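Numbering (UniProt numbering), first residue to last: 1 to 452. Note that CB positions come from ideal geometry on N, CA and C, so glycine has one too. Bear in mind that the values here come from a model prediction, so they are computed numbers and not experimental data.
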């Protein structure tokens with residue numbers, strides 16, 4: 001499905017007594033890296049639970065274009081990698097569609113290669129800034145040709161002798177950190193990343209699992225220094241991808257705001273860099289029980305039981321933002337039904353996601369009668385616990401899958417229906433969204449191409 005296809009609006013209606021047990025698709029961050037690192041390692045990587053959304057598959061196509069052999073084998077994916085340092089120059093531009101993670105990480109991975117690589121994407125991705133990834137690549141000697149503002153299309157020309165760098169990440173961004181570390185894989189010497197605020201650490205964990213030599217130190221103030229020894233021999237491995245907490249957030253919030261709901265979500269990744277949304281909802285009074293904790297390939301996973309709750313507004317600590325940056329749109333939905341005021345600060349990063357998510361959330365709330373105030377990096381929401389009088393608005397999604405799913409979740413508890421202008425892009429990260437929510441009893445209707 002392409003974002004140039006005919007828009008498919010969708011409408012969510014007030015629902016009740018949502019119930020059942022579901023398993024959300026594999027984690028998006030780990031899925032991207034599984035195909036990328038498997039495509040780079042020597043030998044075979046076998047992946048179970050891969051998220052088969054458009055974004056992840058775009059990363060797979062890019063790795064295949066550079067020499068990896070990737071295919072589905074029943075419920076598993078098998079990847080025969082090229083070996084570290086042996087990627088081939090792609091014959092055509094690498095088209096990442098809407099996949100910001102895949103695009104930025106692959107820029108880091110291929111930048112130091114002595115070859116020319118061109119990156120393109122859809123209209124949404126082409127509006128997103130790439131400067132924060134391209135700047136450290138320039139320091140390594142990579143020549144960059146880009147549109148104004150370092151936006152796609154971007155062409156990278158790698159140097160004959162790239163130089164390792166020490167790079168202090170200017171903002172909390174797992175993508176920037178990961179891009180620099182991946183660039184270091186093909187550079188002799190030690191590449192160092194200094195991270196003032198810890199972000200999701202899947203890159204460090206997974207690279208170590210594939211055989212890279214990394215050293216991570218954290219000082220008393222929480223600043224992390226990550227050192228990667230260049231040109232390691234990476235070996236394929238078996239990976240079981242746990243459920244994506246960002247996808248789980250939608251049925252999780254639905255369970256809290258729909259009267260009578262009792263939902264269990266199985267096999268959810270519980271990496272502490274990703275669970276800010278669960279902690280926040282619990283602080284708001286949400287009945288979220290974490291059960292069946294277990295280890296899955298070095299990552300913690302658990303099942304979540306969630307029941308309808310009377311939520312209260314809180315002030316969310318801004319330092320929690322890196323652990324839940326993708327979940328703020330659906331947290332705003334929970335806040336719309338909370339008693340009192342919910343304040344969310346430290347949200348600058350939302351301005352440069354698939355859309356300006358901060359503005360998109362605020363406009364969507366306002367369109368459905370929800371009282372909110374937006375400033376440069378803060379959103380304050382004054383809730384209506386009963387949902388009475390809320391809804392009947394049409395939300396502009398701006399080709400953003402998380403905006404689309406968040407406002408369909410909103411409509412399950414508002415007095416009047418909530419419509420979104422397009423639902424086609426939901427397939428980029430959560431292709432089973434409509435089916436799984438329907439299994440729980442959610443009343444969501446689609447019209448147009450995607451409903452076929």
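{"Query": "Assuming contact is defined by CB atoms lying nearer than 8 angstroms, are residue 253 and residue 27 in contact in what I supplied?", "Result": "no"}
{"Query": "By alpha-carbon positions, which one of 224, 219, 212 ends up nearest to residue 166?", "Result": "224"}
{"Query": "Output the boundary residues of the beta strand (DSSP E) element that contains residue 71.", "Result": "69 to 73"}
{"Query": "CB-CB under 6 angstroms to residue 347, same chain, minus the five flanking residues each way: which ones, in chain order?", "Result": "358, 377"}
{"Query": "Quick check on residue 260: buried or exposed, where buried means 16 or more other Cβ atoms within 10 Å of its Cβ?", "Result": "exposed"}
{"Query": "Return the CA-CA distance between residue 306 and residue 38, expressed in angstroms with no decimal places.", "Result": "35 angstroms"}
{"Query": "What residue range does the beta strand (DSSP E) around residue 210 cover?", "Result": "Element bounds for residue 210: not the beta strand (DSSP E) but the alpha helix (DSSP H), 202 to 210."}
{"Query": "On the CB-based measure, 16 or more other CB atoms within 10 Å of its CB, does residue 325 come out buried or exposed?", "Result": "buried"}
{"Query": "Can you give me the start and stop residues for the alpha helix (DSSP H) that residue 112 sits inside?", "Result": "It is not in any alpha helix (DSSP H) - residue 112 carries neither H nor E in the DSSP assignment."}
{"Query": "Going by alpha carbons, who is nearest to residue 410 out of 251, 246, 205, 148?", "Result": "251"}
{"Query": "Compute the distance between the beta-carbons of residue 192 and residue 226, then report whether it is under 8 angstroms.", "Result": "yes"}
{"Query": "Counting Cβ pairs, one atom from each stretch, are 3 or more of them under 8 angstroms apart for the stretch 349 to 365 and the stretch 306 to 316?", "Result": "no"}
{"Query": "How is residue 353 classed by DSSP in three states: helix, strand or coil?", "Result": "coil"}
{"Query": "Count the other CB atoms, across all protein chains shown, that sit within 10 Å of the CB of residue 131; report buried if there are 16 or more and exposed otherwise.", "Result": "exposed"}
{"Query": "Are the CB atoms of residue 412 and residue 258 within a distance shorter than 8 angstroms?", "Result": "yes"}
{"Query": "Could you check whether residue 322 and residue 198 sit closer than 8 angstroms to each other, using their CB atoms as the reference points?", "Result": "yes"}
{"Query": "Which term fits residue 114, buried or exposed, when burial requires 16 or more other beta carbons within 10 angstroms of its beta carbon?", "Result": "exposed"}
{"Query": "At 4 residues or longer, what runs of the alpha helix (DSSP H) sit wholly inside the stretch 306 to 364?", "Result": "328 to 336"}
{"Query": "Considering only residues of the same chain and omitting the five flanking positions on each side of residue 262, which have a CB-CB separation below 6 angstroms?", "Result": "19, 307"}
{"Query": "Short of 7 angstroms in beta carbon distance, which residues of its chain neighbour residue 201, apart from the five on each side in sequence? Order them along the chain.", "Result": "273"}
{"Query": "Between the Cα of residue 393 and the Cα atoms of 177, 368, 141, 154, which residue gives the shortest distance?", "Result": "368"}
{"Query": "Buried or exposed: where does residue 145 fall if 16 or more other Cβ atoms within 10 Å of its Cβ makes it buried?", "Result": "exposed"}
{"Query": "May I ask which residues mark the beginning and end of the alpha helix (DSSP H) holding residue 404?", "Result": "401 to 410"}
{"Query": "Report the option in 35, 302, 92, 316 whose CA atom is closest to the CA atom of residue 80.", "Result": "35"}
{"Query": "Taking its Cβ as the centre, do 16 or more other Cβ atoms sit within 10 Å of residue 294, making it buried, or is it exposed?", "Result": "exposed"}
{"Query": "For residue 445, is the classification buried or exposed, using 16 other Cβ atoms within 10 angstroms of its Cβ as the cut-off for buried?", "Result": "exposed"}
{"Query": "Report the rounded CA-to-CA distance for residue 181 versus residue 143, giving the unit in angstroms.", "Result": "18 angstroms"}
{"Query": "Could you give the distance in angstroms between the alpha-carbon of residue 453 and the alpha-carbon of residue 267?", "Result": "Outside the shown range of the chain (1 to 452) lies residue 453, about which nothing can therefore be said."}
{"Query": "Could you check where the beta strand (DSSP E) with residue 418 kicks off and where it finishes?", "Result": "418 to 420"}
{"Query": "Spatial neighbours of residue 457 within its chain, please: C-beta separation below 6 angstroms, excluding the five flanking residues on both sides.", "Result": "Limits of the chain in this structure are 1 at one end and 452 at the other, which puts residue 457 out of reach."}
{"Query": "How far does the alpha helix (DSSP H) with residue 32 in it reach, from first residue to last?", "Result": "28 to 40"}
{"Query": "Residues in the same chain with beta-carbon distance under 8 angstroms from residue 127, minus the five sequence neighbours each way, listed in chain order, please.", "Result": "151"}
{"Query": "Counting C-beta neighbours from all protein chains within 10 Å, is the total for residue 17 16 or more, i.e. buried, or is it exposed?", "Result": "exposed"}
{"Query": "If the criterion is Cβ atoms closer than 8 angstroms, does the pair residue 21 and residue 264 meet it?", "Result": "yes"}
{"Query": "To which residues of the same chain is residue 450 closer than 7 angstroms at the C-beta, ignoring the five residues directly before and after it?", "Result": "Confidence is the limiting factor: at residue 450 the pLDDT is only 47, short of 50, which leaves the residue's position unreliable, though a coordinate-based value still follows. Only 8, 423, 424 meet the Cβ criterion."}
{"Query": "Around the C-beta of residue 101, are 16 or more other C-beta atoms found within 10 angstroms, so that it is buried, or is it exposed?", "Result": "buried"}
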